[in-house]
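> Same order as they appear, the protein sequences are chains A and B. Numbering of the first sequence is given in my numbering, commencing with residue 1 and proceeding in unit increments. Numbering of the second sequence is given in my numbering, commencing with residue 84 and proceeding in unit increments. In this text, a Cβ means the ideal position worked out from N, Cα and C, and glycines have one as well. Small disclaimer: the values here were computed from a predicted structure and weren't measured.
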Amino acid sequence: MSKIKLSCDEANHVCDKNQYKEAGIWEMLKLNLHLLYCRVCRKYTSRNMKLTKLVKTNKVEVLDKATKEKLQITFDKELAKQL
Amino acid sequence: MANHKIDPNNWIKLYSDYLFNYTITRVSDREIAQDLVSETFLAGLKSMVNFKGEASERTWLISILKRKVIDHYRKINSKKGKAEVRMSYNSDVESEGDWLEERVADPFDKTAEDTLENSELGDAIHDCLAKLPQKQAEVFKMKTILGYETETICNELDITASNLWVIVHRARTALADCMEKSWF
Chain A
1 MSKIKLSCDE
11 ANHVCDKNQY
21 KEAGIWEMLK
31 LNLHLLYCRV
41 CRKYTSRNMK
51 LTKLVKTNKV
61 EVLDKATKEK
71 LQITFDKELA
81 KQL
Chain B
84 MANHKIDPNN
94 WIKLYSDYLF
104 NYTITRVSDR
114 EIAQDLVSET
124 FLAGLKSMVN
134 FKGEASERTW
144 LISILKRKVI
154 DHYRKINSKK
164 GKAEVRMSYN
174 SDVESEGDWL
184 EERVADPFDK
194 TAEDTLENSE
204 LGDAIHDCLA
214 KLPQKQAEVF
224 KMKTILGYET
234 ETICNELDIT
244 ASNLWVIVHR
254 ARTALADCME
264 KSWF
């Protein structure tokens, strides 16, 4: 069994993973234990959660890769005409 | 005052997400937004000679986009757009009360102010994203907004998983800093 105490770096890594729901139960347990005594990581975690919520609730949209490439092709054609 | 240079080769890479997000909060339809963004780039290309370098490229493109959005609304409000049949429940006397539930104000409905605030916040996030180094921004967008799997991103960008997490971590820290400064 791995050690119970996490370093701050490891804790932040688990926290990052948790933002994408990729952290395991054991990892979460260790993270929460770490947060009990580490103020800096508590701060980081709360800010991280806030950021995730922010991005989710505001439906920040980006173009996916395929559309972007299509856009670039049409654009390049016009650009070639200009020169 | 700094004299801004124009370089259309990088436009799509640098600004398409920002412009798209700007548009989608205003027209709320992906297809239309894509068309408008694409039109904006082309229009920008055509009038490149008029670019005086007084504003940054992005500001300049946004000003073109604004006109395009206005044009779009003008078009759908033209005679043809208005000729569409719009039904309303309320006009009929006989069916009065039938659809009462639908006519009650929805307390959870968003007011115009909420939406406005939200769209501005979305712009702010994109402002912050634009300040990140390109690689960080790219990875963050793929992971967080497009929701790709870690493996997919790693294959596409040719990086290792631990590498990816470091980039994500840096991006998140920088973004949180930036948002805190500009918004909270």
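(1) Report the three-state DSSP secondary structure of B:F223 (helix, strand or coil).
(2) Apart from the five residues on each side of it in sequence, which residues of its chain come closer than 6 Å, Cβ to Cβ, to A:A23?
(3) In chain A, what lies closer than 7 Å to B:S121 by C-beta?
(4) Please list, in chain order, the residues of the stretch 118 to 145 of chain B that have any C-beta partner in chain A closer than 7 Å.
(5) From what residue to what residue does the alpha helix (DSSP H) around A:K3 run?
(6) Determine the direct distance from the alpha carbon of B:A220 to that of B:L212, and round the result to whole angstroms.
(7) Using a Cβ-Cβ cutoff of 8 Å, what residues of the stretch 4 to 37 of chain A are near chain E? List them in chain order.
(8) Give the interface partners of A:K68 over in chain B, defined as CB-CB distance under 7 Å, in chain order.
(9) Taking the alpha carbon of A:Y44 as the point to measure from, which residue in A:L6, A:K81, A:A11, A:I4 has its own alpha carbon closest?
(10) Would you list, in chain order, the members of the stretch 247 to 259 of chain B that have their beta-carbon closer than 7 Å to a beta-carbon of chain A?
(11) With C-beta atoms as the reference, is B:E114 less than 7 Å away from B:K151?
(12) Can you give me the C-alpha to C-alpha distance between B:N92 and B:E239, rounded to a whole angstrom?
(13) Could you give the DSSP three-state label for B:I242: helix, strand or coil?
(14) Taking only three categories from DSSP, how would you classify B:N160?
(15) Put B:E122 into one of helix, strand or coil per three-state DSSP.
(16) I want to see whether chain A comes within less than 7 Å of B:K224, judged by CB atoms only; does it?
(17) Under 7 Å between the Cβ atoms of B:R104 and B:H209?
(18) Which residue comes first and which comes last in the alpha helix (DSSP H) that contains A:C41?
(19) A:V40 versus chain B: which residues are under 9 Å apart at the beta carbon?
(20) Going along chain A, which residues have a C-beta under 7 Å from B:L240?
(21) May I ask you to report which of helix, strand or coil DSSP gives B:S265?
This is what the structure gives:
(1) helix
(2) V14, K17
(3) L71, T74
(4) S121, F124, L125, L128
(5) Unbroken run through A:K3: none, as it is neither H nor E.
(6) Each residue's Cα considered, the two are about 6 Å apart.
(7) You won't find chain E in this structure, because its protein chains are A and B.
(8) I95, S99
(9) A:A11
(10) W248, V251, H252, R255, L258, A259
(11) No. Outside cutoff.
(12) 22 Å
(13) If DSSP states are grouped into helix, strand and coil, B:I242 belongs with coil.
(14) DSSP, reduced to helix, strand and coil, places B:N160 outside both helices and strands of the structure shown, so it counts as coil.
(15) In the three-state reduction of the DSSP assignment, B:E122 falls in the helix class, which pools H, G and I.
(16) It does: the Cβ of B:K224 has a partner Cβ on chain A nearer than 7 Å.
(17) Before going further, note that residue 104 of chain B is Asn rather than Arg in the sequence given. Against a cut-off of 7 Å, the Cβ pair of B:H209 and B:N104 comes out as a contact.
(18) Annotation for A:C41: the continuous alpha helix (DSSP H) segment containing it runs 39 to 57.
(19) The premise fails here: A:V40 is roughly 12 Å from chain B at the closest Cβ pair, so nothing lies under 9 Å.
(20) Going along chain A, no residue has its Cβ under 7 Å from B:L240, so there is no contact; the nearest lies around 11 Å.
(21) helix
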